[in-house]
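Heads up, the sequence shown is in my numbering, so the first residue is 90 and it goes up one at a time. Here's the structure we're looking at; comments come further down.
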Amino acid sequence: MGVQLLVPIKPLHLAKTRLRTARTLPEEHPELVTALAMDTVLAAATAERVREVLVVTSDAVLTRRFRELGVEVLPDSPRAGLNAALRHGDHLLGARGTKVRVGALQADLPALRGTDLDGAIAEADSERSYCADRQGSGTTLLLAAGGDALRPGFGAGSATAHRESGAKALLGSWASLRCDVDTETDLRAAEALGLGSRTGELLRRNDPKPNRTGIGCSGTV
Ligand SMILES: Nc1nc2c(ncn2[C@@H]2O[C@H](COP(=O)(O)OP(=O)(O)OP(=O)(O)O)[C@@H](O)[C@H]2O)c(=O)[nH]1
Ligand SMILES: C=C(OP(=O)(O)O)C(=O)O
């Protein structure tokens, strides 16, 4: 049957404000956010237990870029906020009559492996379930039970919120599914696991670090 995964992404000019890494130039930040999300979505699409991956966004550039890749994009909720965006996506699928089993996947999992996602979906069985991030506080994946509503509780401390709302904690190791990237430290952790090609290429292009001073920075000095 397979899961329909909603991947919410903020407008590029608002996204990933904590991820001001010195490894990309400020003007490259939208490209970094896009690369993280594309690596996430393309990896998720390789999972055998995933039927389709749908991006939820109001950003015109992201909409065009994902559609060019053949990924369906749902319009964001008129009401701001991550949980509203997810409820809106869930509602749109229900209204179409195409809803099977919905899940929400964070858009910042650039080391994701389809096999880890398959492992989590298998462990969830048919129950409403969540996978916490590597710190144990956030949530990287939330799966609804069967054709039920998703009931997302994302935000600070969402792992606890999801557990307290009755969702089952998924306990497998799945390092690539738990490694969401909010900070430079997270980006290094994802890199150690192996980044997807888009994020990896963007960072490699900038190694050694971007030269903001105009003073030579390659080779020895
Ligand atoms: N479609 C949509 N996605 C959202 C919205 N708010 C947050 N998201 C997405 O939800 C995910 C989790 O949000 P955060 O981890 O807080 O990411 P962020 O807000 O981009 O990062 P910071 O600015 O560093 O807090 C990210 O993929 C966001 O792009 C929203 O209003 N609409
Ligand atoms: C919104 C969340 O993401 P993050 O921890 O990445 O901010 C969450 O985990 O619920």
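Each residue gets a CB set at the ideal place from its N, CA and C atoms; glycine is no exception.
CA-CA distance, glutamate 273 to glutamate 117, rounds to 15 Å.
Beyond the five residues adjoining it in sequence on each side, glycine 261 comes within less than 7 Å, by CB distance, of Gly208, Ala209, Glu212 in the same chain, given in chain order. For valine 150, the secondary structure class from DSSP, reduced to helix, strand or coil, is helix.
DSSP lists no bridge partner for cysteine 268. Relative to the Cα of arginine 223, the nearest Cα in the group Leu291, Leu266, Leu131 belongs to Leu266. Of the candidates Arg138, Val122, Asn295, Val122 places its Cα closest to the Cα of arginine 154.
Inside the region 90 to 143, DSSP marks whole alpha helix (DSSP H) runs of 4 or more residues at positions 118 to 133, from first to last along the chain.
By the CB criterion at 7 Å, aspartate 197 and leucine 125 fall inside the cutoff. Taking a C-beta distance under 7 Å as the contact criterion, glycine 192 and valine 270 do not qualify as a contact pair.
Set against 6 Å, the gap from the CB of threonine 146 to the closest heavy atom of ligand 2 is not smaller. In the three-state reduction of the DSSP assignment, threonine 228 falls in the strand class. Around the Cβ of proline 199, a 10 Å sphere holds 16 or more other Cβ atoms; the residue is buried. Relative to ligand 2, the beta carbon of serine 166 is positioned no closer than 6 Å to any heavy atom.
One alpha carbon belongs to glycine 178, the other to leucine 163, and they sit about 7 Å apart.
Counting only residues of its own chain and dropping the five nearest sequence neighbours on each side, glycine 242 has a CB closer than 6 Å to the CB of Ala250, His251, Ser254. In the structure shown, the three-state DSSP call for glycine 192 is strand. Linking glycine 227 to aspartate 128 through their CA atoms gives a straight-line distance of about 20 Å. Comparing alpha carbon positions, the residue from Ala134, Thr229, Gly183, Val142 closest to threonine 204 is Ala134. Secondary-structure assignment with DSSP links proline 164 through a beta bridge to Thr146. In this structure leucine 201 is not in contact with leucine 95, their Cβ atoms being roughly 15 Å apart against a cut-off of 8 Å. DSSP places alanine 174 in the uninterrupted alpha helix (DSSP H) bounded by 171 to 185. In its chain, beyond the 5 residues on either side, Arg140, Val189, Arg190 have a beta carbon closer than 8 Å to the beta carbon of methionine 90.
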